[in-house]
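>
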Amino acid sequence: MLEFDSIQNALEKLQAVTDASEAHGTLCGLLLGQQDISKWLKFTLDNIPDQGDLLAQESLQLLQQLFDMSKEQLNAEDMCLELLLPDESEEFAIRLLGLASWSQGFLYGLAVNGEALVSHLSEQGRECLEDLLEISQLGHDEEETEETEAVYAEIVEHVRLSVIYMNEEVNPIMPSPSLQ
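The sequence shown begins at 1 in this note's numbering and counts up by one.
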């Protein structure tokens, strides 16, 4: 997975309207609707830099890598999707906000796809969506304890699996052809 800080720096250089967590959440939400990178960049950056801006191109290449990797992970049979969140060296409050921000971005990306996509979700898929809505409203006022750290890890895993589950519902992975 690409480093949170490197994506955050790339977004800052490109004067993005969002942080790395929210941008990745939006990307994953858009990917459920099979959207392309130009659509994601439209919702992530105020202005797309022109081809002659070599420094911007470097940052855009990093975002292209994130796009490609996320698309691959979201549809991988081994369910290897990783959420782009602040790493464990950050304060607990920052990580909580990152998770809430990721979830907000995902819901936004999903909404951009339109109501038809959400209407394909089963009851369990809709429950996943409701959970993400609750998680998107997490505050940053929790004390960091072993217990809250464990709960945080469980919530991150729940978000990750919920997104994979919803993607599988709206974009079923075709089974690999069996070898004779």
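Glycine included, each C-beta is placed from N, C-alpha and C at the ideal position.
Using a threshold of 8 Å, state whether the C-beta atoms of residue 32 and residue 171 are closer than that.
Against a cut-off of 8 Å, the Cβ pair of residue 171 and residue 32 comes out as a contact.
> Kindly indicate which residue of 118, 23, 81 has the alpha-carbon position closest to the one of residue 62.
The candidate whose alpha carbon is nearest that of residue 62 is 23.
> Looking at residue 25: is its Cβ nearer than 8 Å to the Cβ of residue 101?
A contact, by the Cβ cut-off of 8 Å.
> Out of 66, 52, 119, 41, which one is the CA nearest neighbour of residue 186?
Past the boundaries of the shown model lies residue 186; the chain is included only from 1 to 180, so the question cannot be answered.
> In the DSSP assignment, what residue or residues form a beta bridge with residue 45?
For residue 45, which the question treats as bridged, DSSP gives the partners 16.
> If we count Cβ pairs, one from each stretch, closer than 8 Å, do we get three or more for the region 152-161 versus the region 124-140?
Verdict: yes, contact present.
> Under the assumption that residue 56 contacts residue 14 (Cβ atoms under 8 Å), give the Cβ distance between them as a whole number of angstroms.
The Cβ separation is near 6 Å, so the contact holds.
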